[in-house]
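Residue numbering for the sequence shown follows the working numbering, beginning at 1098 and increasing consecutively. Note that CB positions come from ideal geometry on N, CA and C, so glycine has one too.
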Amino acid sequence: MLSTLGKTRILLTLLCLTATGLFYKSKWSLTDLYSLWPYKLRACNCQKCLTEGEHEYKPLIDASPKPFLSKQTPMSEDDFNWWKKVQREKRPFSFFNETVDKLFTIFPPNPHVLQQSSDRCRTCALVGNSANLKGSHYGQLIDYHDIIIRINRGPTIGYESDVGNRTTHRVMYPESASYLDKNTHLVFFPFKMKDLLWLLNSFAPQKKGQEEAKRRANKDLVMIVNPALMRYSHEIWLKKKGRYPSTGFMTLVLSLQICDEVNVFGFGADKDGNWSHYFEILRNKRLRTGPHAGTQEYEVIHMLDQKEVISLYKGP
Ligand code: C5P
């Protein structure tokens, strides 16, 4: 006589065999079966991952070029020609490619980006330089993130309670350059060809006998933003408003590619419409938002917040 356990085992085996037979006879693929499985593999381990779910901004996020230049990610000639026009550059595409090749003899050929994974949650604090950070007491909250991206000269010393004191990534270009500690990633924005040459020059190996110059940052942590991201931000996100996007707006667009959760601080003009800073008194009362479409940029950031794609912290 068969025991109940034995009968159950035979029944289960028969069921499995029937299911396998049916699967092979049908036109079903493994993906179809996977779609019936109620427990899907998560894109990340946050409560809500940026790339999960369908929202109106997802196609825009998915249309991004690779955010960083690497040896394997050259820029297309079409993107180069767009970039060239914005800065009135005369030198040809071949010169750009030669420069990039030289850069990758110094910097990591594949910039260090923490990849998305179902067992981690990459939380990012993007900290702009708006005066709306003054008196905000966001410091502790900002420091709590895994990745803390600051822009240009935005200081922390003396402003800790409002802006925090940790920095994992600092965005800069030659005109806004400072010196970084050896643990901070330099996220380099090339607005023009001259910027790439500046980078090359700033990190060029010293000639024999020459005194070692102070380096801007740890060369192993340098990440060069793909200039195609500028065109993408301008055309896809800002619908061609403004001359070109601001560094802060492009950093937001970039963070949608490298983070699972984005919390935005320090964005927004003052009551007169000027992009005043939390760390200085505004002198030029007619600054507005420079050559950038500040209102359009803020509208996009505001909408992303409304649709819960990101969270925008507006200050006190
Ligand atoms: O002024 P700065 O370019 O260093 O600021 C960094 C970024 O922060 C800007 O590119 C802009 O996107 C953002 N910003 C802002 N509102 C301000 C000041 C700056 O949105 N009042």
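Would you report the Cα separation of isoleucine 1239 and glutamate 1377, rounded to the nearest angstrom? Residue numbering aside, residue 1239 sits at position 142 when the sequence shown is read from its first letter. Residue numbering aside, residue 1377 sits at position 280 when the sequence shown is read from its first letter. When rounded, the distance between both Cα atoms is 21 Å.
Quick check on DSSP: helix, strand or coil for methionine 1269? Here residue 1269 refers to the residue found at position 172 when the sequence shown is read from its first residue. Looking at methionine 1269 - three-state DSSP - the assignment turns out to be strand.
Could you give the distance in angstroms between the alpha-carbon of asparagine 1323 and the alpha-carbon of lysine 1231? Along the sequence shown, read from residue 1 onward, the residue named residue 1323 stands at position 226. Along the sequence shown, read from residue 1 onward, the residue named residue 1231 stands at position 134. If I take the Cα positions, the gap works out to 32 Å.
Looking at the strands, I want to know which residues DSSP matches up with tyrosine 1410. On the sequence shown, residue 1410 is found 313 positions in, with the first residue counted as 1. Tyrosine 1410 is bridged to Phe1362.
Here's a check: name, in chain order, each residue in its chain whose Cβ is nearer than 7 Å to the Cβ of proline 1205, leaving out the five neighbours to either side. Numbered from its first residue, the sequence shown carries residue 1205 at position 108. Short of 7 Å from the beta carbon of proline 1205, and not among the five residues preceding or following it, lie these beta carbons of its own chain, in chain order: Asp1317.
For ligand 1, is there any heavy atom lying closer than 7 Å to the beta carbon of histidine 1374? In the sequence shown, residue 1374 corresponds to position 277, counting from 1. Yes, since a heavy atom of ligand 1 falls inside the 7 Å radius drawn around the Cβ of histidine 1374.
At the level of alpha carbons, what is the spacing between valine 1290 and proline 1342? Taking the sequence shown and counting its residues from 1, one reaches residue 1290 at position 193. Taking the sequence shown and counting its residues from 1, one reaches residue 1342 at position 245. In the sequence on display, residue 1290 carries methionine and not valine. Distance from the CA atom of methionine 1290 to the CA atom of proline 1342, rounded to whole angstroms, is 17 Å.
Please indicate yes or no: does the CB of aspartate 1367 lie closer than 7 Å to some heavy atom of ligand 1? One-based indexing of the sequence shown puts residue 1367 at position 270. Checking every heavy atom of ligand 1 against the Cβ of aspartate 1367, one is found closer than 7 Å.
Based on Cα-Cα distance, which residue from Glu1174, Trp1295, Gly1236 and Asp1402 lies nearest to serine 1191? Numbered from its first residue, the sequence shown carries residue 1191 at position 94. Measuring from the Cα of serine 1191, the nearest candidate turns out to be Glu1174.
Beta-carbon separation of phenylalanine 1165 and isoleucine 1321 under 8 Å? Counting from one through the sequence shown, the residue named residue 1165 turns up at place 68. Counting from one through the sequence shown, the residue named residue 1321 turns up at place 224. Yes, Cβ-Cβ distance for phenylalanine 1165 and isoleucine 1321 is below 8 Å.
So, do the segment 1251-1265 and the segment 1283-1297 have three or more beta carbon pairs nearer to each other than 8 Å? At 8 Å Cβ cutoff, the stretches do not touch.
Do isoleucine 1246 and valine 1224 have their C-beta atoms within less than 8 Å of each other? Working through the sequence shown from its first residue, we reach residue 1246 at position 149. Working through the sequence shown from its first residue, we reach residue 1224 at position 127. Yes.
Contact under 8 Å by Cβ, methionine 1347 with phenylalanine 1286: Along the sequence shown, one-based indexing puts residue 1347 at 250. Along the sequence shown, one-based indexing puts residue 1286 at 189. Yes, the Cβ-Cβ distance between methionine 1347 and phenylalanine 1286 is below 8 Å.
Does DSSP put isoleucine 1378 in a helix, in a strand, or in coil? Counting from one through the sequence shown, the residue named residue 1378 turns up at place 281. In this structure, DSSP gives isoleucine 1378 a state outside helix and strand, which the three-state scheme calls coil.
Looking at lysine 1411: is its Cβ nearer than 8 Å to the Cβ of glycine 1339? In the sequence shown, the residue the question calls residue 1411 occupies position 314. In the sequence shown, the residue the question calls residue 1339 occupies position 242. The answer is no: Cβ separation not under 8 Å.
With distances taken between CB atoms, is the gap from leucine 1351 to leucine 1326 smaller than 8 Å? The residue given as residue 1351 occupies position 254 in the sequence shown. The residue given as residue 1326 occupies position 229 in the sequence shown. Taking 8 Å as the Cβ cut-off, leucine 1351 and leucine 1326 qualify as a contacting pair.
Considering only residues of the segment 1153-1237, which uninterrupted beta strand (DSSP E) runs meet the minimum length of 3 residues and lie entirely inside it, listed in chain order? 1220-1224
My output table needs one value for histidine 1282: the three-state DSSP class, helix, strand or coil. In the sequence shown, the residue the question calls residue 1282 occupies position 185. Histidine 1282 falls in the strand class under three-state DSSP.
Any heavy atom of ligand 1 within a distance shorter than 7 Å of the CB on glycine 1255? The residue given as residue 1255 occupies position 158 in the sequence shown. Not under cutoff, so the answer is no.
Return the residue from the list Ile1248, Thr1202 and Tyr1329 that minimises the CA-CA distance to leucine 1296. Counted from its first residue, the sequence shown places residue 1296 at position 199. For the options Ile1248, Thr1202 and Tyr1329, the alpha carbon positioned closest to that of leucine 1296 is the one of Thr1202.
Residue range of the unbroken alpha helix (DSSP H) whose run includes arginine 1247: One-based indexing of the sequence shown puts residue 1247 at position 150. Taken as a continuous stretch (DSSP letters only), arginine 1247 belongs to no alpha helix (DSSP H), being part of the beta strand (DSSP E) at 1244-1248.
Nearest to aspartate 1278 by CA position, among Pro1271, Glu1272, Tyr1270 and His1266, is which residue? Start at 1 with the first residue of the sequence shown, and residue 1278 comes out as number 181. Here the closest residue by C-alpha is His1266.
Given a cut-off of 8 Å on the beta-carbon distance, is the pair aspartate 1216 and asparagine 1142 in contact? Numbered from 1 along the sequence shown, position 119 holds the residue referred to as residue 1216. Numbered from 1 along the sequence shown, position 45 holds the residue referred to as residue 1142. Yes; because the gap between Cβ atoms is below 8 Å, this pair is in contact.
May I ask whether a heavy atom of ligand 1 can be found less than 7 Å away from the beta carbon of isoleucine 1378? Your numbering for residue 1378 matches position 281 in the sequence shown. No, since every heavy atom of ligand 1 falls outside the 7 Å radius drawn around the Cβ of isoleucine 1378.
Hey, could you find the ends of the beta strand (DSSP E) valine 1319 is sitting in? One-based indexing of the sequence shown puts residue 1319 at position 222. Segment 1319-1321, the beta strand (DSSP E) holding valine 1319.
Can you give the Cα-Cα distance for glutamine 1403 and leucine 1349, rounded to whole angstroms? Position 306 of the sequence shown, counting from 1, holds the residue named residue 1403. Position 252 of the sequence shown, counting from 1, holds the residue named residue 1349. Looking at the two C-alpha atoms, the distance is approximately 15 Å.
Coil, strand or helix - alanine 1325 by DSSP: Locating residue 1325 in the sequence shown gives position 228, counting from the first residue. Reduced to three states, the DSSP call for alanine 1325 is helix.
Spatial neighbours of serine 1273 in its chain, beta-carbon cut-off 7 Å, leaving aside the 5 residues before and after: Start at 1 with the first residue of the sequence shown, and residue 1273 comes out as number 176. Scanning its chain for C-beta atoms nearer than 7 Å, with the 5 sequence neighbours on each side dropped, one finds around serine 1273 the residues Asn1249 and Arg1250, in chain order.
Out of Gly1150, Pro1271 and Thr1170, which one is the CA nearest neighbour of asparagine 1194? Along the sequence shown, one-based indexing puts residue 1194 at 97. For asparagine 1194, the nearest C-alpha among the options comes from Thr1170.
Per-residue DSSP class, three states only, for glutamate 1149: Indexing the sequence shown from 1 puts residue 1149 at position 52. Residue state, collapsed to three classes: coil.
Taking Cβ positions, are leucine 1283 and arginine 1313 nearer each other than 8 Å? The count along the sequence shown starts at 1 and reaches residue 1283 at position 186. The count along the sequence shown starts at 1 and reaches residue 1313 at position 216. Yes.
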